[in-house]
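Here's the structure we're looking at; comments come further down.
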Amino acid sequence: MMRRFTASITFGTSASLALLSFATLAGCKHSAPANAGLKATAQGTALVESSGGHQVGVTGTVLKDPLVVQVNDDHGTAVPGALVEFHGSAGVGFDPAAVLTDSSGQATTSVTLGTIAGRYDLSAVTPGKATPVSLEIVETALGYQQRVGSILADKYCSRCHDPESSPQRVSNYDNLAVKPHAFTEGSTLNKMSDADLTSIILHGGPALNRSALMPPYGNTLNAADVKALIAYTRAVSDPPYQPPGTVYARK
Amino acid sequence: MQRIRKYVSSLWQALFGDPVRAFGVVSLILLLALAIAPAKEHFSQWHSYQRQYLTLIRDRGDAISLRRRFVPGIHQIWLPELGVVDRCTTCHLGLNESSLADVAQQPFRKHPVVPHPLDRFGCVICHGGQGQATTVAEAHHSERAGEEPILPTRYIESGCGQCHQNALPGTPQLNLGRTMLTRYGCVHCHAITRPDGSKMEATDHPPSLAHIADKSTREWIFSWLKDPQAYAASTTMPNYKLSDGDASDISAYLVSSSKPQAGDTVAPAAKPTMAADPAAGPSLYGESFCASCHAVQNAAGNLVGGDLGPELTRIGNKAKPEWLAAWLENPRVYDSTTPMPHYRFTPQQIETLVAFLQAKSDSDYGSGVHLDAASSQQIAHGRKLIVELGCAACHEINGVQKPENFAPDLSTIGSKPLAQIVFLPGMEHSLPSYILAKIRQPRAFGSSVKMPQFTLTAAQTDALTTALLALTARGRAMPDSLRIAAIPDTDYQPAGHAGKLIAELACLSCHRFNGRGGDMAPDLTWEGSAVQRQWLTDFLHNPNTLRPSLIRRMPRFNLSDSDNKELTDYILTVYQSPAIDAELAPSGTNPPDVVERGKQLFYSKYACQACHIVDTKADKGYIGPTLTQVGSRLTPAWVYAWLKNPQALRPGTTEPNQNLSDDDARALTAFLMSQKGPGGRGAKQ
């Protein structure tokens with residue numbers, strides 16, 4: 001199998017995606033290619049996330065916004081020309097995987113999520129002056145069911161549950177006397193069981209002695225829809241949701 | 252030679268020298284030969300995966316039940332009606348084991364939740380690959396004739412598209428790709444027949460070039476042909492990478508073949524100077540909701556507005572003022588099938604709008620273009636190029652026939668054998684990467700390729716690739732019972748004088764009636780049952796928005812009283828739902844206690860104020876329409892039926908079905924019907 005793996009590298013740059021899926025299928029770690037040809041002209045001592053973290057994408061696809069991190073020095077000033085390498089777990093791809101920071105000290109890469117649904121802990125590393133400095137970035141990949149949930153949430157739920165407004169979609173959050181919980185609010189939602197969430201979706205807020213501002217969707221959504229919605233809220237929850245049940249500790 | 256012969260004969264003597272020894276040796280060889288098959292199986296790849304799986308589950312808490320469900324040997328899913336013989340589960344052993352959710356190691360990962368059970372659909376239907384193979388290389392990466400490698404996850408939705416011809420909610424990428432095939436005009440040149448035999452029809456509206464000289468100058472046509480995106484970033488017209496000479500010759504032919512249209516060249520009565528009030532233009536543009544369909548780039552470089560009509564950022568560079576005036580007067584004279592409504596502007600308004608639009612120009616655009624008068628050879632060369640490039644596949648051009656089957660048929664592109672593809676050097680040898688490269692850089696495949704360069708984002712090219720990969724031979728061979736057909740638009744056409752008015756106002760560009768029309772505005776199939784006569788008359792005179800948070804709104808058409816009455820009568824008579832029973836709903840005036848009970852229900856039990864506004868001081872919800880004047884707008888029968896089951900009247904509406912009792916629904920209807928708005932005549936306010 002490894003022979004095939006190395007052979008496919010020779011196909012060239014456009015093979016990177018096939019490589020990714022292959023790497024996952026083969027169950028081997030995908031290691032970022034060496035930072036060949038990049039010569040750092042400067043070193044920073046700190047890495048900060050500029051944008052592109054905490055995105056929610058779909059398994060195996062490129063995240064909508066690029067990941068941008070900034071290299072700073074001791075005084076918090078941006079450092080241009082510093083080398084930044086991006087690393088991720090199996091199946092995650094970066095284009096490019098190693099880059100020099102631009103004139104404003106920022107390194108930009110586009111992230112391809114792995115084929116497994118769930119949270120991806122990515123890291124950006126810069127050599128630093130003495131020891132390498134790294135920064136952890138979290139992205140979320142949605143599987144089929146979770147994405148169906150996200151589409152349903154966009155249609156039925158987000159107008160109230162997401163406080164963020166955009167010109168295309170004005171949030172109703174501020175207009176509600178009792179504030180709904182954002183789906184990312186793990187501190188509250190993680191404590192609720194699947195059964196509780198199901199009954200509040202099916203029968204509305206009063207089912208759990210909560211506000212009637214949450215209407216019942218039992219006659220509008222079907223059982224698969226509700227499961228998908230719950231799978232979605234669990235996927236985007238922060239802190240991450242831990243499913244209940246037996247913990248299969250290794251002997 | 253002698254030595255070898257001697258050696259062989261001594262070996263023969265040693266092994267088969269006497270009968271007993273010969274018997275022993277032959278038995279030994281036979282025994283070894285019999286052991287080949289079990290040994291081969293023991294050392295096979297799948298066997299080693301099964302051993303790894305057993306090691307993996309050995310230490311888990313539910314090892315015993317996992318062990319019990321594990322069956323050694325080759326597994327096979329055989330579904331004759333689908334042509335599925337899948338042995339993938341031989342190695343992918345954990346697909347159905349929900350307790351393996353935390354295992355990330357392939358091939359033992361649990362399959363994510365999907366609507367199709369494994370034992371009824373198998374694997375290769377969605378994922379591609381060779382189901383019958385028992386080694387990883389053959390199953391996943393076969394490039395042999397007639398075999399397909401596994402589908403990369405990024406295009407996985409194409410698997411769904413083989414059976415599902417309709418737009419599934421869970422496959423946005425596939426849906427976008429399919430929309431683009433029709434919206435970007437791919438199907439003008441490439442014929443695509445769906446597995447059910449229906450043809451994919453283009454939904455874009457490439458303008459006719461029969462009267463192009465009325466509208467634009469040859470210089471503009473030249474600049475446009477050279478780089479359409481330089482004029483309008485959002486245009487779907489691709490770049491043909493023409494040389495200066497070719498672009499000049501094509502523009503010469505288009506201008507020389509153009510036939511003038513009566514009225515287009517008449518200069519407006521007054522000179523289109525800026526009106527006395529500089530705000531008149533923008534305010535008329537805003538009031539007419541031009542931005543619902545037309546986008547304009549703002550100072551920050553972002554496009555603001557809809558994409559139904561062309562972008563107007565530099566319209567002053569393109570359109571001649573006299574043509575623009577004639578177009579605004581009545582667009583159907585120039586183009587009888589345009590989605591643009593006939594606004595019935597006054598001459599004064601036309602003048603204001605023409606001046607406003609003419610000012611939307613970029614003095615740098617096309618400033619360096621000076622074309623000499625074309626010779627007849629150049630014009631003839633222009634025509635030759637138009638025929639070669641297939642311009643007439645999209646645009647109506649005088650003197651050039653619309654070509655048939657101009658480009659390769661793509662109905663089974665998703666099963667194109669790799670042996671038939673000429674890959675570029677350094678390219679991955681797979682169908683997805685070929686399709687993607689062909690969409691991104693068609694001209695890289697040789698100078699004789701006529702396909703133009705489209706300007707697409709990465710998400711768009713991925714979506715197109717997904718939609719094309721879904722067009723497989725397997726999809727066509729699928730039994731009809733498994734195919735979910737696309738719901739095509741009907742050919743509904745409103746009748747009579749009102750029908751003519753509806754066509755003139757292009758109501759179907761935004762609204763949907765009886766399964767045909769746009770999706771920008773509400774479906775009006777049952778509008779006659781829903782609204783009251785006075786409200787409808789007022790609304791058609793002066794549309795006001797019902798939903799405060801909407802950006803795209805209904806424009807005002809300056810209808811005459813008789814046209815207004817005609818439309819109102821038609822809508823109220825024809826668009827009636829047979830399901831609405833006026834008997835069930837409360838009618839006339841309702842007793843105050845019922846209204847009061849409805850109010851209680853509205854605010855406490857059903858908390859409708861979360862989404863709707865009845866009392867503008869207290870309520871704030873603005874997801875649904877404002878209900879302050881609902882009593883003068885809607886009929887009680889509609890309100891009652893809507894409350895009972897909103898989805899039955901308008902499928903897909905966001906309002907949940909609250910499963911109201913008849914009593915509650917009647918009380919709520921009574922309360923809502925008491926909301927007549929200030930002065931009782933809502934729309935006039």
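From first to last, the protein sequence lines are chains H and R.
The first sequence: position 51 = 51 (my numbering), numbered continuously.
So the mapping is simple: my numbering equals the position in the second sequence, first residue as 1, plus 251.
For every residue, glycine included, the Cβ atom is placed at its ideal position computed from N, Cα and C.
When you compare only the Cα positions, how much space is there between glutamine 55 of chain H and valine 125 of chain H? Here residue 55 of chain H is taken as the residue at index 55 of the first sequence, counted from 1. Here residue 125 of chain H is taken as the residue at index 125 of the first sequence, counted from 1. Straight-line Cα distance between these residues: approximately 20 Å.
Could one say the Cβ of tyrosine 264 of chain H lies closer than 8 Å to chain R's Cβ atoms, at least one of them? In the structure as shown, chain H starts at 1 and stops at 251, and residue 264 of chain H therefore has no counterpart that could be examined.
Assess, as a yes-or-no matter, whether the region 803-815 of chain R is touched by the region 776-794 of chain R under the definition of 3 or more beta carbon pairs within less than 8 Å. A contact exists between the region 776-794 of chain R and the region 803-815 of chain R.
Under 9 Å from the C-beta of glutamine 926 of chain R: neighbouring residues of chain H: Position 675 of the second sequence, counted from the start, is the residue given in the question as residue 926 of chain R. Neighbours of glutamine 926 of chain R on chain H: none; closest Cβ ~19 Å, over 9 Å.
From the beta carbon of tyrosine 144 of chain H, is the nearest beta carbon of chain R less than 8 Å away? Within the first sequence, residue 144 of chain H is the residue found at index 144, counting from 1. For tyrosine 144 of chain H, the answer is yes, since a Cβ of chain R falls inside 8 Å of its Cβ.
Hey, isoleucine 735 of chain R and proline 745 of chain R are a contact pair by Cβ (cut 8 Å); roughly how many whole angstroms apart? Locating residue 735 of chain R in the second sequence gives position 484, where the first residue counts as 1. Locating residue 745 of chain R in the second sequence gives position 494, where the first residue counts as 1. Contact flag wrong, Cβ pair sits at about 30 Å.
Same chain only: Cβ atoms within 7 Å of threonine 13 of chain H, ignoring 5 sequence neighbours per side: Within the first sequence, numbered from 1, the residue matching residue 13 of chain H stands at position 13. Residue placement at threonine 13 of chain H is flagged as unreliable, the pLDDT there being 39, under the threshold of 50; the coordinate-derived value follows with that caveat. Cβ neighbours of threonine 13 of chain H beyond the five flanking positions: none.
With a threshold of 8 Å between beta carbons, is alanine 849 of chain R in contact with chain H? Position 598 of the second sequence, counted from the first residue, corresponds to residue 849 of chain R. The question names alanine, but residue 849 of chain R is glycine in the sequence shown. Answer no: the Cβ-Cβ gap between glycine 849 of chain R and chain H never drops below 8 Å.
Taking the C-alpha atoms as reference points, what is the distance between histidine 441 of chain R and isoleucine 690 of chain R? Indexing the second sequence from 1 puts residue 441 of chain R at position 190. Indexing the second sequence from 1 puts residue 690 of chain R at position 439. Linking histidine 441 of chain R to isoleucine 690 of chain R through their CA atoms gives a straight-line distance of about 13 Å.
Since histidine 792 of chain R sits in a beta bridge, which residues does DSSP pair it with? The sequence position of residue 792 of chain R within the second sequence is 541, counting from 1. Here histidine 792 of chain R is not bridged, per DSSP, to any residue.
Taking its Cβ as the centre, do 16 or more other Cβ atoms sit within 10 Å of tryptophan 329 of chain R, making it buried, or is it exposed? As a first step, residue 329 of chain R is located in the second sequence; it is residue number 78 there, counting from the start. Counting other Cβ atoms within 10 Å of its Cβ, tryptophan 329 of chain R stays below 16 and is therefore classed as exposed.
Hey, leucine 202 of chain H and glycine 218 of chain H are a contact pair by Cβ (cut 8 Å); roughly how many whole angstroms apart? Taking the first residue of the first sequence as 1, we reach residue 202 of chain H at position 202. Taking the first residue of the first sequence as 1, we reach residue 218 of chain H at position 218. Rounded, the Cβ-Cβ distance is 4 Å, consistent with contact.
To the nearest angstrom, how far is it from the Cα of proline 598 of chain R to the Cα of glutamate 580 of chain R? Within the second sequence, numbered from 1, the residue matching residue 598 of chain R stands at position 347. Within the second sequence, numbered from 1, the residue matching residue 580 of chain R stands at position 329. Approximately 8 Å between the Cα atoms of the pair.
Give the interface partners of serine 855 of chain R over in chain H, defined as CB-CB distance under 7 Å, in chain order. Within the second sequence, residue 855 of chain R is the residue found at index 604, counting from 1. Residues of chain H passing the Cβ test: Ala212.
Reduced DSSP category for tyrosine 120 of chain H - H, G, I as helix; E, B as strand; rest coil: Indexing the first sequence from 1 puts residue 120 of chain H at position 120. Three-state DSSP puts tyrosine 120 of chain H in a strand.
Sub-8 Å separation of isoleucine 664 of chain R and leucine 719 of chain R beta-carbons: The count along the second sequence starts at 1 and reaches residue 664 of chain R at position 413. The count along the second sequence starts at 1 and reaches residue 719 of chain R at position 468. In contact: isoleucine 664 of chain R and leucine 719 of chain R (Cβ atoms closer than 8 Å).
The alpha helix (DSSP H) with tryptophan 889 of chain R in it runs from where to where? Numbered from its first residue, the second sequence carries residue 889 of chain R at position 638. Taken as a continuous stretch (DSSP letters only), the alpha helix (DSSP H) holding tryptophan 889 of chain R covers 887-895.
For the structure I just gave you, are there three or more beta carbon pairs, one from the region 105-114 of chain H and one from the region 205-217 of chain H, closer than 8 Å? By the Cβ test, the region 105-114 of chain H is not in contact with the region 205-217 of chain H, since fewer than three Cβ pairs between them sit closer than 8 Å.
Out of curiosity, what's the CA-to-CA distance linking leucine 687 of chain R and aspartate 713 of chain R? Taking the first residue of the second sequence as position 1, residue 687 of chain R is located at position 436. Taking the first residue of the second sequence as position 1, residue 713 of chain R is located at position 462. Distance between the alpha carbons of leucine 687 of chain R and aspartate 713 of chain R: 7 Å.
For glutamate 562 of chain R, which residues from the same chain have a beta carbon less than 6 Å from its beta carbon, with the 5 sequence-adjacent residues on both sides left out? Residue mapping note: residue 562 of chain R aligns to position 311 of the second sequence, counting from 1. Ala483, Ser485, Ala546, listed in sequence order.
Inter-residue CB distance, isoleucine 401 of chain R and histidine 391 of chain R (contact presumed, cutoff 8 Å): Against the second sequence, residue 401 of chain R aligns to sequence position 150. Against the second sequence, residue 391 of chain R aligns to sequence position 140. Confirmed, Cβ separation roughly 5 Å.
Using alpha carbons as the reference points, say which of R:Lys466, R:Ala858, R:Thr723, R:Asn549 lies closest to serine 509 of chain R. One-based indexing of the second sequence puts residue 509 of chain R at position 258. Distance from the Cα of serine 509 of chain R is smallest, within the candidate group R:Lys466, R:Ala858, R:Thr723, R:Asn549, for R:Lys466.
What residues from the region 102-128 of chain H come within 7 Å of chain R, judged by C-beta to C-beta, listed N to C? For the region 102-128 of chain H, which is checked against every Cβ of chain R, the residues closer than 7 Å are Thr115, Ile116, Ala117.
Leaving aside the five residues before and after tyrosine 504 of chain R along the sequence, list all residues of the same chain whose C-beta is less than 7 Å from its C-beta, in chain order. Taking the first residue of the second sequence as 1, we reach residue 504 of chain R at position 253. The beta carbon of tyrosine 504 of chain R lies closer than 7 Å to those of Ile630, Gly633, Arg634, Ile637 in the same chain, with the five residues before and after it left out.
Straight-line Cα distance separating valine 71 of chain H from aspartate 225 of chain H: Looking up residue 225 of chain H in the first sequence gives position 225. Looking up residue 71 of chain H in the first sequence gives position 71. Distance between the alpha carbons of aspartate 225 of chain H and valine 71 of chain H is about 44 Å.
What residues in the region 868-898 of chain R bring their beta carbon closer than 9 Å to a beta carbon of chain H? Close to chain H, meaning a Cβ-Cβ distance shorter than 9 Å, are the following residues of the region 868-898 of chain R: Asp870, Lys871, Gly872, Tyr873, Ile874, Asn896, Pro897, Gln898.
Contacting positions in the region 200-224 of chain H - beta carbon closer than 9 Å to chain R: For the region 200-224 of chain H, the residues whose beta carbon sits under 9 Å from a beta carbon of chain R are, in order, Gly204, Gly205, Pro206, Ser211, Ala212, Leu213, Met214, Pro215, Pro216, Tyr217, Gly218, Asn219, Thr220, Leu221, Ala224.
Can you check whether the CB of proline 446 of chain R is closer than 8 Å to the CB of arginine 727 of chain R? For the purposes of this step, residue 727 of chain R is taken as the residue at position 476 of the second sequence. For the purposes of this step, residue 446 of chain R is taken as the residue at position 195 of the second sequence. With respect to proline 446 of chain R, arginine 727 of chain R sits close: the two C-beta atoms are nearer than 8 Å.
Per DSSP, what are the beta-bridge partners of tryptophan 329 of chain R in this structure? For the purposes of this step, residue 329 of chain R is identified with residue 78 of the second sequence, where counting begins at 1. Tryptophan 329 of chain R is bridged by DSSP to R:Val336.
Is it a yes or a no for the region 303-314 of chain R touching the region 694-702 of chain R, going by three-plus beta-carbon pairs under 8 Å? These segments do not touch.
Give a yes or no on contact between the region 617-628 of chain R and the region 587-595 of chain R, applying the rule of three or more CB pairs nearer than 8 Å. No contact exists between the region 617-628 of chain R and the region 587-595 of chain R.
To the nearest angstrom, report how far apart glycine 27 of chain H and arginine 360 of chain R are at their CA atoms. Within the first sequence, residue 27 of chain H is the residue found at index 27, counting from 1. Within the second sequence, residue 360 of chain R is the residue found at index 109, counting from 1. For glycine 27 of chain H, the predicted structure reports a pLDDT of 39, less than 50, and the residue's modelled location is therefore unreliable. The matter cannot be settled from this model.
Among R:Ser925, R:Leu911, R:Ala916, which one has its Cα closest to the Cα of threonine 288 of chain H? No statement about residue 288 of chain H is possible, as the shown extent of chain H runs from 1 to 251 and does not include it.
Looking only at its own chain, which residues have a Cβ that is under 6 Å from the Cβ of serine 474 of chain R, when we skip the five neighbours before and after it? The residue you call residue 474 of chain R lines up with position 223 of the second sequence. Excluding residues up to 5 positions away in sequence, Gly617, Val620 lie with their Cβ nearer than 6 Å to the Cβ of serine 474 of chain R in the same chain.
How would you write the range of the beta strand (DSSP E) that leucine 135 of chain H sits in, first residue to last? Walking along the first sequence from the start, residue 135 of chain H turns up at place 135. Where leucine 135 of chain H is concerned, the enclosing beta strand (DSSP E) stretches over 133-142.
Exposure of alanine 513 of chain R, with buried meaning 16 or more beta-carbon neighbours within 10 Å: By one-based count along the second sequence, residue 513 of chain R stands at place 262. Exposed: under 16 other Cβ atoms inside 10 Å.
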